[in-house]
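Data first, discussion second: the structure below is written as structure tokens.
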Ligand SMILES: [Mn+2]
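Numbering (my numbering), first residue to last: 246 to 571.
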């Protein structure tokens, strides 16, 4: 476990007003980390605002004070910030429009667990061995002398559950299980969080899952599974109600599959791919060849090509990296 840099704690203690942000299209880890950070800063008598490029997914509306999360559009009156904390953000570019709220010469504290090529903060608390940014924020909050209450524990527990795939991925370490135990003891309710995240799909999402499963095709002798949403589906009226979080784990769950890719043609000629891996293959390396990134077992990238072409390009890249068949 990487120790909290003392200058990160000083940065909090010496300043009064902070912007907290996370990456575009925030997930539970980013939102949970940002919420818990704001909770901690308020406890310390500081001012803090959470502004994220895109709105918090409605699925997290069970969070107490869910309305804390603002978008740049709803935060215009806040002005710029000279003290900024980012959580779960691997590069400055991933802040999206939230970066517009950073004043020139601002001081930036980066808290993250991604395998990052870019160290963009003035103070960087980066722990690639942490399962979730929320695991790091728990450590950080305790280093600030605070003990999470039930609300803060729920934010952090949620991020951990999501980033460990419900404690099933290879990042499920003794440390993160201990952190989760601590959060449950502090008041996080595992059954409630599970129900709100995993048993709370709307009809459109369930039907989209069916469509995605229908689209699954195997390649590389069954070692790669791909699934796709073409532009026509993404442009459909129902799509805005669809939440594809976790979809890519279905093709990955097929026996013998080592890499799964879910393609979404988000705009004409632009295809986004989510990558997941089991076993040895590093999908972060694959995503990086297209300017994306993430983690060794979970990554994403955008390919400037229509769907069919993007599939071919990515499959070729995966094929190059698959080791000898077992
Ligand atoms: Mn994360």
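Glycine included, every Cβ here is placed at the ideal spot set by N, Cα and C. Since the model is a prediction, treat every value here as computed from it, not as a measurement.
Inter-residue CB distance, residue i and residue j (contact presumed, cutoff 8 Å)
{"i": "residue 370", "j": "residue 249", "result": "6 Å"}
{"i": "residue 477", "j": "residue 460", "result": "At roughly 12 Å, the Cβ-Cβ gap does not stay under 8 Å, so residue 477 and residue 460 are not in contact."}
{"i": "residue 454", "j": "residue 424", "result": "Actually they do not touch by this definition, with Cβ atoms about 30 Å apart."}
{"i": "residue 351", "j": "residue 321", "result": "Not confirmed; about 18 Å, so no contact."}
{"i": "residue 343", "j": "residue 298", "result": "5 Å"}
{"i": "residue 346", "j": "residue 269", "result": "At roughly 14 Å, the Cβ-Cβ gap does not stay under 8 Å, so residue 346 and residue 269 are not in contact."}
{"i": "residue 407", "j": "residue 545", "result": "At roughly 15 Å, the Cβ-Cβ gap does not stay under 8 Å, so residue 407 and residue 545 are not in contact."}
{"i": "residue 293", "j": "residue 271", "result": "With a Cβ gap of about 16 Å, residue 293 and residue 271 do not count as contacting."}
{"i": "residue 549", "j": "residue 514", "result": "6 Å"}
{"i": "residue 529", "j": "residue 538", "result": "6 Å"}
{"i": "residue 263", "j": "residue 286", "result": "6 Å"}
{"i": "residue 234", "j": "residue 560", "result": "Coverage of the chain is limited to positions 246 through 571, which leaves residue 234 absent and any answer about it impossible."}
{"i": "residue 412", "j": "residue 422", "result": "7 Å"}
Between the CA atoms of residue j and residue i - distance to the nearest angstrom
{"i": "residue 281", "j": "residue 259", "result": "19 Å"}
{"i": "residue 509", "j": "residue 261", "result": "42 Å"}
{"i": "residue 404", "j": "residue 410", "result": "10 Å"}
{"i": "residue 438", "j": "residue 278", "result": "15 Å"}
{"i": "residue 309", "j": "residue 395", "result": "10 Å"}
{"i": "residue 442", "j": "residue 398", "result": "16 Å"}
{"i": "residue 562", "j": "residue 531", "result": "7 Å"}
{"i": "residue 288", "j": "residue 265", "result": "15 Å"}
{"i": "residue 458", "j": "residue 497", "result": "11 Å"}
{"i": "residue 521", "j": "residue 353", "result": "31 Å"}
{"i": "residue 451", "j": "residue 291", "result": "42 Å"}
{"i": "residue 534", "j": "residue 432", "result": "43 Å"}
{"i": "residue 542", "j": "residue 568", "result": "15 Å"}
{"i": "residue 518", "j": "residue 495", "result": "15 Å"}
{"i": "residue 303", "j": "residue 311", "result": "9 Å"}
{"i": "residue 481", "j": "residue 341", "result": "25 Å"}
{"i": "residue 547", "j": "residue 434", "result": "36 Å"}
{"i": "residue 364", "j": "residue 327", "result": "19 Å"}
{"i": "residue 339", "j": "residue 570", "result": "36 Å"}
{"i": "residue 190", "j": "residue 337", "result": "Because the chain is modelled from 246 through 571, residue 190 falls outside the range shown and cannot be assessed."}
{"i": "residue 554", "j": "residue 416", "result": "33 Å"}
Own chain, CB closer than 6 Å to residue i, minus 5 neighbours either side, in chain order
{"i": "residue 463", "result": "470"}
{"i": "residue 355", "result": "331, 366 and 369"}
{"i": "residue 483", "result": "449"}
{"i": "residue 467", "result": "501"}
{"i": "residue 323", "result": "294"}
{"i": "residue 284", "result": "397"}
Cβ-based neighbour list, residue i, same chain, cut-off 7 Å, excluding 5 preceding and 5 following
{"i": "residue 401", "result": "277, 281, 379, 382, 383, 393 and 428"}
{"i": "residue 325", "result": "346, 347 and 348"}
{"i": "residue 524", "result": "503"}
{"i": "residue 564", "result": "465"}
{"i": "residue 499", "result": "470"}
{"i": "residue 492", "result": "454, 457 and 507"}
{"i": "residue 540", "result": "359, 360 and 529"}
{"i": "residue 418", "result": "376"}
{"i": "residue 581", "result": "Any question about residue 581 goes unanswered here, given that the chain covers just 246 to 571."}
{"i": "residue 313", "result": "280, 283 and 295"}
{"i": "residue 307", "result": "441"}
{"i": "residue 558", "result": "548 and 550"}
Cβ-based neighbour list, residue i, same chain, cut-off 8 Å, excluding 5 preceding and 5 following
{"i": "residue 275", "result": "267, 268, 297, 332, 333, 334, 378 and 404"}
{"i": "residue 246", "result": "372, 374, 375, 384 and 420"}
{"i": "residue 566", "result": "526, 527, 530 and 531"}
| message | If contact is defined by three or more beta carbon pairs under 8 Å, each pair taking one atom from either stretch, is the segment 383-390 in contact with the segment 250-267? | response | yes
| request: Decide if the segment 324-334 is in contact with the segment 357-367; the criterion is three or more beta carbon pairs, one per stretch, under 8 Å apart. | output: yes
| field | Inter-stretch contact (C-beta, 8 Å, three-pair minimum) for the segment 483-502 and the segment 442-456 | value | yes
| Three or more beta-carbon pairs under 8 Å between the segment 310-317 and the segment 416-430, yes or no? | no
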